[in-house]
Amino acid sequence: MTKTIVQESLEKMPDEFPVEELIERLLFVQNVQEGLLQSERGETVPLDEVRQRLRKWST
1 MTKTIVQESL
11 EKMPDEFPVE
21 ELIERLLFVQ
31 NVQEGLLQSE
41 RGETVPLDEV
51 RQRLRKWST
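Going by full-length UniProt numbering, 49 is the number at position 49 of the sequence shown; the sequence numbering is gapless.
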């Protein structure tokens, strides 16, 4: 994560907010970035496999 992303996230927050809200937002951004990198590296699960896993977990 870069300072720029942190600053942009902070600028989007209201004037007053709980610090936990900023932390949650930054964690969300970090997780999205990591997911995008995984996708670029081909570290994804095919849709059919996801469906099979969901069926297995829901039974």
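A virtual CB, placed ideally from N, CA and C, is assigned to each residue, including glycine.
- Fewer than three pairs of CB atoms, one per stretch, sit closer than 8 angstroms, so the region 51 to 58 makes no contact with the region 16 to 32.
- The Cβ-Cβ distance between S39 and R25 does not fall below 8 angstroms.
- Residue state for T4 is assigned as helix, using DSSP reduced to three classes.
- Assignment of F28 by DSSP, reduced to helix, strand and coil, places it in the helix class.
- For D48, the enclosing alpha helix (DSSP H) starts and ends at L47 to S58.
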